[in-house]
Amino acid sequence: MLAIHGGTPIRDGQPWPQWPQYDERTERELLSALGSARWSVSWYSPRGGKSRERLFGEAFARYNGAAYGVSVDHGSSALVIALEALGIGPGNEVIVPAMTWVAPASAVLRVGALPVLADVDPETGCLTAEHIRNAVSDRTKAVIAVHLACTAARLDEIVQTVRAAGLALIEDCSQAHGTRWSGRHVGTFGDIGVFSLGAAKTLAGGEGGAAITESRELYDRMLMLRADSRGYSAGEPAPGEYELVEIGAIMGANYCMSELTAGVLLDQLPRLDDQHAQRETRAKELEAGLADISGLAPVPVPEPVDRRAIYEYGIRFLPDAFGGIPIEHIAGALTAELGTRIYPPRVPLHRSVLLRPHTKPRFAHWHDQAAERAAGRPFPGAEHYRDHTLLMHHSVLLGDRTDIEDLLAALTKVRAHAESLTAKGAVA
Ligand SMILES: Cc1ncc(COP(=O)(O)O)c(C=O)c1O
Numbered sequence: 156m157l158a159i160h161g162g163t164p165i166r167d168g169q170p171w172p173q174w175p176q177y178d179e180r181t182e183r184e185l186l187s188a189l190g191s192a193r194w195s196v197s198w199y200s201p202r203g204g205k206s207r208e209r210l211f212g213e214a215f216a217r218y219n220g221a222a223y224g225v226s227v228d229h230g231s232s233a234l235v236i237a238l239e240a241l242g243i244g245p246g247n248e249v250i251v252p253a254m255t256w257v258a259p260a261s262a263v264l265r266v267g268a269l270p271v272l273a274d275v276d277p278e279t280g281c282l283t284a285e286h287i288r289n290a291v292s293d294r295t296k297a298v299i300a301v302h303l304a305c306t307a308a309r310l311d312e313i314v315q316t317v318r319a320a321g322l323a324l325i326e327d328c329s330q331a332h333g334t335r336w337s338g339r340h341v342g343t344f345g346d347i348g349v350f351s352l353g354a355a356k357t358l359a360g361g362e363g364g365a366a367i368t369e370s371r372e373l374y375d376r377m378l379m380l381r382a383d384s385r386g387y388s389a390g391e392p393a394p395g396e397y398e399l400v401e402i403g404a405i406m407g408a409n410y411c412m413s414e415l416t417a418g419v420l421l422d423q424l425p426r427l428d429d430q431h432a433q434r435e436t437r438a439k440e441l442e443a444g445l446a447d448i449s450g451l452a453p454v455p456v457p458e459p460v461d462r463r464a465i466y467e468y469g470i471r472f473l474p475d476a477f478g479g480i481p482i483e484h485i486a487g488a489l490t491a492e493l494g495t496r497i498y499p500p501r502v503p504l505h506r507s508v509l510l511r512p513h514t515k516p517r518f519a520h521w522h523d524q525a526a527e528r529a530a531g532r533p534f535p536g537a538e539h540y541r542d543h544t545l546l547m548h549h550s551v552l553l554g555d556r557t558d559i560e561d562l563l564a565a566l567t568k569v570r571a572h573a574e575s576l577t578a579k580g581a582v583a
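Start counting the sequence shown at 156; every next residue gets the next number (the working numbering).
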């Protein structure tokens with residue numbers, strides 16, 4: 156009997172790996188940031204030297220092989236300053252995938268532009284060149300391509316299409332820190348790469364974000380946009396000196412990352428690649444087992460990806476693999492067997508309660524007329540992805556092989572149960 160119906164679960168209470176992970180080194184970094192008496196890049200430095208916020212921006216750029224990195228308080232803020240640095244505003248359209256967290260669309264609204272949703276590949280949930288071409292108008296200025304969950308958008312075709320159309324490209328790598336496409340980190344293919352560093356992410360600072368770029372000009376603009384029009388002084392501040400100087404070439408707001416967050420992130424960054432390798436080992440074991448369960452397969456990864464970052468591991472299933480039972484029920488049954496959340500993707504943005512511009516006066520007065528253009532069509536690729544993909548958090552892959560055996564046993568059990576219901580004709 157399934158655990159959800161009162162049967163014995165596959166896994167009886169053994170804990171799953173905790174996330175986020177930290178140790179004494181993290182505690183020392185955090186205490187040292189506290190003890191510096193410099194909790195903000197906007198505050199002066201009693202001892203002199205660069206802020207942790209600046210050091211993390213530099214370290215994160217280096218990690219990605221990018222020329223410049225800007226630390227911010229959220230991935231959403233990274234999106235806002237990226238759009239503003241590119242000069243995007245009222246009257247412009249930005250293409251956003253229908254399958255993603257709400258922030259890429261809400262960031263476009265926040266700069267006064269229109270997010271035009273585009274459909275996605277049904278197997279990966281990512282935007283494709285074809286979907287971009289279908290969504291372009293003469294008002295389009297940029298595309299936000301999201302590398303979703305455990306895979307990557309097809310960068311070769313996307314870069315070619317975006318450049319041919321004369322558009323800017325922002326890569327949202329909030330779910331793909333460290334993914335490499337043909338040996339190069341994602342986030343370095345477009346004009347700007349943006350990252351969330353929230354608590355659930357593979358690089359976690361609690362709340363946090365970053366933007367990377369190859370362009371000195373975009374970097375300088377993003378610095379001002381994130382710190383009320385201020386940039387860094389030349390060199391390092393002396394004891395008692397401020398590090399930020401007023402420039403004012405473009406008006407900003409305050410999206411600065413706290414020094415405490417930057418301290419935690421400077422501790423976490425060097426751990427990231429080892430954690431990716433461990434998740435990949437577990438993912439390979441899972442994939443070997445999935446090959447023996449008919450109708451189930453991993454979310455595909457484009458062949459040029461030579462290192463994937465797994466934020467949420469995705470398992471695709473054929474429409475009849477669970478006998479037509481709705482995905483919520485399958486996910487609920489698996490969760491009960493395993494004691495860790497297995498869940499469907501969020502609903503596509505055109506149906507999401509998180510994207511409701513008419514509820515806010517700032518957006519409602521113009522968005523209502525534009526709603527049809529923004530989202531007034533079906534998104535069959537996004538709907539298919541949503542109905543046929545089971546996700547799990549990356550921390551599930553940070554344990555040992557027995558965890559994978561439990562996952563496979565739960566999938567086999569729930570699938571067999573669904574099959575027996577179908578055989579009895581109990582499922583419509
Ligand atoms: C693809 C994507 N973009 C942007 C964000 C927003 O990041 P934040 O929550 O740090 O503002 C997220 C957060 O989950 C995300 O997944």
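Just so you know, even glycine gets a beta-carbon here, dropped at the ideal spot from N, CA and C.
Local conformation of residue i per DSSP, three classes
{"i": "glutamate 467", "result": "strand"}
{"i": "phenylalanine 344", "result": "coil"}
{"i": "valine 235", "result": "helix"}
{"i": "glycine 478", "result": "coil"}
{"i": "proline 259", "result": "helix"}
{"i": "valine 502", "result": "coil"}
{"i": "alanine 583", "result": "Note that alanine 583 has pLDDT 46, beneath the 50 cutoff, so the model's placement of it is unreliable and no number is given."}
Distance cut-off 7 angstroms: residue i Cβ against heavy atoms of ligand 1
{"i": "arginine 301", "result": "Per the sequence shown, the amino acid found at residue 301 is valine instead of arginine. Correct: valine 301 has its Cβ closer than 7 angstroms to ligand 1."}
{"i": "alanine 601", "result": "Any answer about residue 601 is impossible in this case: the structure gives the chain only from 156 up to 583."}
{"i": "tryptophan 256", "result": "yes"}
{"i": "aspartate 276", "result": "no"}
{"i": "histidine 332", "result": "no"}
{"i": "leucine 234", "result": "yes"}
{"i": "serine 413", "result": "no"}
{"i": "histidine 548", "result": "no"}
{"i": "histidine 229", "result": "yes"}
{"i": "proline 259", "result": "yes"}
{"i": "serine 351", "result": "yes"}
Nearest-angstrom Cα separation, counted from residue j out to residue i
{"i": "histidine 572", "j": "leucine 157", "result": "8 angstroms"}
{"i": "glutamate 398", "j": "glycine 212", "result": "14 angstroms"}
{"i": "proline 175", "j": "glutamine 423", "result": "10 angstroms"}
{"i": "leucine 146", "j": "valine 301", "result": "As shown, the chain starts at 156 and ends at 583. That puts residue 146 outside it, with no answer to give."}
{"i": "valine 258", "j": "leucine 303", "result": "Looking at the sequence itself, residue 258 is alanine, so the reference to valine does not match. Spanning the two alpha carbons is a distance of roughly 13 angstroms."}
{"i": "leucine 546", "j": "glycine 204", "result": "43 angstroms"}
{"i": "lysine 579", "j": "glutamate 467", "result": "34 angstroms"}
{"i": "serine 206", "j": "phenylalanine 518", "result": "36 angstroms"}
{"i": "valine 508", "j": "leucine 234", "result": "20 angstroms"}
{"i": "alanine 222", "j": "alanine 214", "result": "10 angstroms"}
{"i": "threonine 416", "j": "asparagine 219", "result": "19 angstroms"}
Beta strand (DSSP E) segment containing residue i, residue limits
{"i": "lysine 296", "result": "295 to 301"}
{"i": "methionine 377", "result": "Looking at the DSSP string, methionine 377 is not in any beta strand (DSSP E); the run it does join, the alpha helix (DSSP H), is 371 to 381."}
{"i": "proline 277", "result": "Here proline 277 belongs to no beta strand (DSSP E), and DSSP marks it neither H nor E."}
{"i": "tyrosine 387", "result": "385 to 387"}
{"i": "isoleucine 250", "result": "248 to 252"}
Sheet register partners of residue i (DSSP bridge)
{"i": "glycine 364", "result": "Val227, Ser351"}
{"i": "methionine 547", "result": "Tyr468, Ile497"}
{"i": "glutamate 326", "result": "Ala300, Gly348"}
{"i": "tryptophan 336", "result": "Arg339, Val460"}
{"i": "glutamate 401", "result": "Arg385"}
{"i": "leucine 210", "result": "Leucine 210 is not bridged to any residue."}
{"i": "valine 314", "result": "Answer is none; valine 314 lacks a bridge partner."}
{"i": "valine 271", "result": "Ile250"}
Closer than 7 angstroms: residue i CB and nearest ligand 3 heavy atom
{"i": "leucine 324", "result": "Only ligand 1 can be found as ligands here, which leaves ligand 3 out of the picture."}
Range of the contiguous alpha helix (DSSP H) that encloses residue i
{"i": "aspartate 461", "result": "Counting along the chain, aspartate 461 falls outside any alpha helix (DSSP H), though it belongs to the beta strand (DSSP E) covering 460 to 462."}
{"i": "leucine 420", "result": "414 to 423"}
{"i": "alanine 519", "result": "516 to 530"}
{"i": "proline 512", "result": "Looking at the DSSP string, proline 512 is not in any alpha helix (DSSP H), and its letter there is neither H nor E."}
{"i": "proline 535", "result": "535 to 542"}
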